[in-house]
Amino acid sequence: MSKLIDFVITSIKVSLTGSKKYYAWLASLLIMVLFGAFSYYYQLKYGLIITDIRDQVSWGSYIANFTFLVGVAAAAVMIVLPAYIYNYKEFKHITIFGELLAVGALTMCLSFVLIDLGRIDRMLHILPFTGTPNWPQSMLTWDVIVLNGYLFLNLLIPGYLLYKAYVREPPRKWIKIFILISIPWAISIHTVTAFLYGGLAARPFWNTAVMAPRFLASAFTAGPALMIIILQIVRRYTCIGKPGCKLVVTDRALFTLAHIALISMLVNLFFLGSEIYTVGYAATSHLAPLKYLFFGLEHNGVHYGKLQPYMWAAITMEIIAAILLLFPKTRKNFTTLNIACIFAFLGIWTEKGMGLIIPGFIPTPIGEIWEYYPTLMEIMITLAVWALGFLVYTLLLKVAIAIEAEEVVHPSAKDKEMPEAH
Amino acid sequence: MVDESRRDFLKKAAAGATAAVIPFANVRIPVIDVTLEEFFQKHYKEMSDDDKKRVIERLKKEYKEKYGIDAEIKTTPPKEGVVWGYALNIQKCIGCRRCVYACMRENNQSRASPKDPTKSEIQWIRVLEIEKFKIHPGEEGKDFRTRFGEIIAGVNLEENEHYYNPEHVPEEDKFYVPIQCQQCERPPCVKVCPTKATWKEPDGIIVVDYNWCIGCRFCLAACPYWARRFNWSDPYLPKEEINPKMHYLGNRIRMRGVVEKCTFCIQRTREGRYPACVEACPVGARKFGNLLDPESDVRKVLEKKRVFRLKEELGTQPKFFYFMD
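Chains R and W supply the protein sequences, listed in that same order.
Position 283, counted from 1, in the first sequence is what our numbering calls 283; the numbers after and before it change by one each time, with no gaps.
Position 44, counted from 1, in the second sequence is what our numbering calls 1044; the numbers after and before it change by one each time, with no gaps.
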């Protein structure tokens, strides 16, 4: 027990000490969080009126970002699975980065859902004993279960493994059970999130069976793309890969991630194409939201098409990313690889964030066209949640790297070798 | 069994907590502006008669302080053997929107404030203006298709105008379709609610416990008739415009961050009166009654007229029927 307390204290110390650059990074994130907190105070005081969400478009930036980030969290499985099931050595060192990214992403997901509530003071009404959860009927109650379960798994697994490394003991077998559970669990979080929308017959744009598969494909593109960027940044600014450091992130690991992103991107574009074909060829009333998204809608001589430029930009970026990832020459060149990753990430963020949530509401089920565009306060709150997620991820990474690189160790285990399983 | 007793125990413990809180019941949580008593309030269906009485006393006091009115808040239960149904004659409707405003006055919806732009008007009834028909002959196509142009007619939920505003209604070439909560027998809004804050009463009315709703707006997304409204801010209600005759599940004054909707005027219909929109209609286009009573107005319409319902294909089974003479 005293070892565990020491682990926690050391972790906090490690996460809060660093170079000037590190402090500057933390401070800038913190400032963004504070700006958002200030805006959120107004939202609490005056209601969601400070956003541009209204009866016509009743979910906006918060839920769009939530949806996208559930995908980022689920994408951790793309590192865990090859590492543990196929024993892929190159991923062994980076699994922890994936799992901790899931923690950061889930922090954002849960924050976005809570911020979107009209009555946060009543959030306990969704839990058993303190409330009356409409389970199994309501998909939102399922989402509470799978998201919190996944957060638990991704805190437990890296937490336990880091602790064992800290005290230089081999991890026990039981943790393997949790690692195995975490794989299908990752799939479940994004499936349930897709089912939130896919189950609504009132919204033809969402009411399609391809929703969950499409969600997973786009998640396994955006997640690895983000990992590739983050791993390069971490490699540059920490001890990783430097002489004398026990921790390495190989180029091969990054290229394998790029390969995963490529295949997922192609599958994602295929699903998107299937959806566009089915809706477009049948050309029933289901077409209107899609038409709004790409071409805008005419109504009584007025053109509504605020999302048009974003959507075309997203599709263009996705296709460029797919092409750059497709050819080994551009995939294995870090400049083009990074362009591909940034484009893939931004493209999918647009396509399955705002590009999925907003047109679901346009036109309304009884034909009104009302356009949504986030307010400044809404954007500030959204950015703050992103900053909070990166803050959490940074602090966790700092600890993970220090322990894995054997920079810190429990005093009683100083002379011991790091056991094999790490 | 074990689970049951555990649940029981926890419920009692929770009730104990509520009782213990009462000395501080009036303490307000800052910013969200909620008293502790309100914070610990139970779901309407789990309240005892005493609980209900206490809550209603609190609400009356609150309304007195905030709006200066003496409200009467009932909890009249549904009658046995009654399932309410509605029928609307779209041939008679002239699109005057008197129902819309009668509904607002009756049900204490938020009004637009002349001073505060964040306070907006909430309406439960939306009247669509639809052109009787539109025929564009089109031209012979030069490609492999022949273009026939466009023919639009009938109750079209995509080609309509929500904000029509001519000098006089009805206009020659238009007809009007008012839409409000269709009181579905299989309501998607109830299915998706994560907290059971909205449910179908035994007389078929979908109600909301405004003090249990968490404001997630899943029901707004799930409703195929766009019948639900959200309180984006605290409602604005001038004292003299408030209807003091209220029902807990109906027209009592709402708060910011919760969902509301048409209840077929539960505060009237459960006392044997017609909904306000039925009374306000100058042309008698609106019929209301007990679907289980063969002599009721709505049953007579079902028997004698050809009726249709909106979005029948979604399987929601509305108890709101449209018909023509």
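Where is the CB? At the ideal position from N, CA and C, for every residue including glycine.
Among the options, whose alpha-carbon lies nearest the alpha-carbon of residue i?
| i | options | result |
| --- | --- | --- |
| Phe1264 of chain W | W:Lys1053, W:Gln1317 and W:Ile1125 | W:Ile1125 |
| Trp174 of chain R | R:Trp185, R:Leu153 and R:Ala186 | R:Leu153 |
| Gly355 of chain R | R:Ile379, R:Leu307, R:Arg331 and R:Phe35 | R:Leu307 |
| Pro289 of chain R | R:Ile177, R:Leu346, R:Lys332 and R:Trp206 | R:Trp206 |
| Tyr41 of chain R | W:Glu1038, W:Asp1050, W:Phe1288 and W:Pro1030 | W:Pro1030 |
| Ile320 of chain R | R:Cys341, R:Pro309, R:Gly305 and R:Val302 | R:Cys341 |
| Leu346 of chain R | R:Pro363, R:Ala75, R:Tyr373 and R:Thr316 | R:Thr316 |
| Lys1239 of chain W | W:Ala1087, W:Asp1050 and W:Lys1066 | W:Lys1066 |
| Leu140 of chain R | W:Lys1115, W:Val1190 and W:Arg1097 | W:Val1190 |
| Phe91 of chain R | R:Val70, R:Glu99 and R:Ile79 | R:Ile79 |
| Glu1158 of chain W | R:Gly367, R:Ala83, R:Tyr23 and R:Phe390 | R:Gly367 |
| Met1047 of chain W | W:Ser1120, W:Trp1212, W:Ser1296 and W:Pro1282 | W:Trp1212 |
| Pro1178 of chain W | W:Cys1262, W:Glu1313, W:Leu1059 and W:Ala1071 | W:Cys1262 |
| Phe38 of chain R | R:Thr382, R:Pro411 and R:Thr17 | R:Thr382 |
| Lys1300 of chain W | W:Val1155, W:Ala1222 and W:Asn1290 | W:Asn1290 |
| Pro1188 of chain W | W:Arg1217, W:Lys1245 and W:Phe1288 | W:Arg1217 |
| Phe215 of chain R | R:Ile240, R:Ser264 and R:Pro243 | R:Ser264 |
| Asp55 of chain R | W:Tyr1225, W:His1043 and W:Cys1099 | W:Tyr1225 |
| Asp1116 of chain W | R:Ile49, R:Gln43 and R:Phe255 | R:Ile49 |
| Ile228 of chain R | R:Leu395, R:Arg331 and R:Tyr84 | R:Arg331 |
| Pro1078 of chain W | W:Asp1325, W:Glu1057, W:Glu1201 and W:Cys1281 | W:Glu1201 |
Mind checking whether residue i and residue j have CB atoms under 8 Å apart?
| i | j | result |
| --- | --- | --- |
| Leu326 of chain R | Ala261 of chain R | no |
| Lys1132 of chain W | Lys1196 of chain W | no |
| Ile126 of chain R | Val144 of chain R | yes |
| Ile94 of chain R | Leu226 of chain R | no |
| Tyr304 of chain R | Glu371 of chain R | yes |
| Ala73 of chain R | Ala27 of chain R | no |
| Pro1235 of chain W | Ile1253 of chain W | yes |
| Leu1292 of chain W | Val1083 of chain W | yes |
| Gly118 of chain R | Gly1215 of chain W | yes |
| Thr375 of chain R | Asp116 of chain R | no |
| Arg1105 of chain W | Asn1231 of chain W | no |
| His190 of chain R | Val70 of chain R | yes |
| Ile369 of chain R | Ile362 of chain R | yes |
| Ile167 of chain R | Lys3 of chain R | Per the sequence shown, residue 167 of chain R should be read as Val rather than Ile. Yes. Within cutoff. |
| Phe7 of chain R | Tyr163 of chain R | yes |
| Leu1220 of chain W | Val1259 of chain W | yes |
| Thr107 of chain R | Thr193 of chain R | no |
| Val14 of chain R | Lys398 of chain R | yes |
| Glu169 of chain R | Pro419 of chain R | yes |
Please look up how many angstroms separate the CB atoms of residue i and residue j, rounded, as I've assumed it's under 8 Å.
| i | j | result |
| --- | --- | --- |
| Ala222 of chain R | Trp349 of chain R | 7 Å |
| Leu269 of chain R | Ile183 of chain R | With 8 Å as the limit, Leu269 of chain R and Ile183 of chain R do not qualify as a contact, their Cβ atoms being about 25 Å apart. |
| Phe1321 of chain W | Ala1102 of chain W | The Cβ separation is near 21 Å, so there is no contact. |
| Cys1093 of chain W | Tyr1164 of chain W | With 8 Å as the limit, Cys1093 of chain W and Tyr1164 of chain W do not qualify as a contact, their Cβ atoms being about 13 Å apart. |
| Tyr46 of chain R | Thr1118 of chain W | 6 Å |
Residue i versus chain R: which residues are under 7 Å apart at the beta carbon?
| i | result |
| --- | --- |
| Ser1233 of chain W | Tyr46, Gly47 and Ile49 |
| Phe1039 of chain W | Asp121 |
What does residue i touch in chain W if you count any residue whose Cβ is under 7 Å from its own?
| i | result |
| --- | --- |
| Thr132 of chain R | His1043, Thr1195 and Lys1196 |
| Ala201 of chain R | Pro1188, Pro1224 and Leu1314 |
| Ser285 of chain R | Glu1158 |
Below 8 Å on C-beta distance, what does residue i contact in chain W?
| i | result |
| --- | --- |
| Arg288 of chain R | Looking at the sequence provided, one finds Ala at residue 288 of chain R rather than Arg. Ordered by position in chain W, the residues that pass the 8 Å Cβ test against Ala288 of chain R are Glu1158. |
| Thr141 of chain R | Pro1194 |
Note down, in chain order, every chain R residue with its Cβ under 9 Å from the Cβ of residue i.
| i | result |
| --- | --- |
| Arg1256 of chain W | Tyr46, Gly47, Leu48, Ile49, Gly118 and Arg119 |
| Ala1221 of chain W | Ser58, Trp59, Leu196, Tyr197, Leu200, Ala202, Arg203, Trp206, Gly360 and Phe361 |
Starting from residue i, trace the beta strand (DSSP E) in both directions and tell me its first and last residue.
| i | result |
| --- | --- |
| Leu1128 of chain W | Arg1126 to Glu1131 |
| Trp386 of chain R | Here Trp386 of chain R belongs to no beta strand (DSSP E); instead the alpha helix (DSSP H) covers Leu376 to Glu404. |
| Gly1289 of chain W | Arg1286 to Asn1290 |
| Gly1250 of chain W | Segment: none, Gly1250 of chain W is in no beta strand (DSSP E) and carries neither H nor E. |
Can you pull the chain W neighbours of residue i, defined as C-beta to C-beta under 9 Å?
| i | result |
| --- | --- |
| Asn300 of chain R | Glu1161 |
| Leu307 of chain R | Here the premise fails: no neighbours, minimum Cβ distance about 18 Å. |
| Tyr41 of chain R | Val1031 |
| His125 of chain R | His1043, Pro1194, Thr1195, Lys1196, Ala1197, Trp1212, Cys1213 and Ile1214 |
| Ser138 of chain R | Lys1191, Val1192, Cys1193, Pro1194, Thr1195, Lys1196 and Phe1218 |
List, in chain order, every chain R residue whose beta-carbon is nearer than 8 Å to that of residue i.
| i | result |
| --- | --- |
| Val1034 of chain W | Asp121 |
| Lys1304 of chain W | Simply none; closest approach about 28 Å. |
| Leu1128 of chain W | Ile366 and Gly367 |
| Ile1179 of chain W | Ile366 |
| Phe1321 of chain W | Per Cβ cutoff of 8 Å: no residues; Phe1321 of chain W is ~17 Å from chain R at best. |
Residue i lies in the alpha helix (DSSP H); which residues open and close that run?
| i | result |
| --- | --- |
| Leu290 of chain R | Leu287 to Phe295 |
| Phe195 of chain R | Trp174 to Gly198 |
| Gly280 of chain R | Asp251 to Ala282 |
Nearer than 7 Å: is that true of the beta carbon of residue i relative to any heavy atom of the ligand COA?
| i | result |
| --- | --- |
| Leu1237 of chain W | The ligand COA is not part of the structure shown, which contains no ligands of any sort. |
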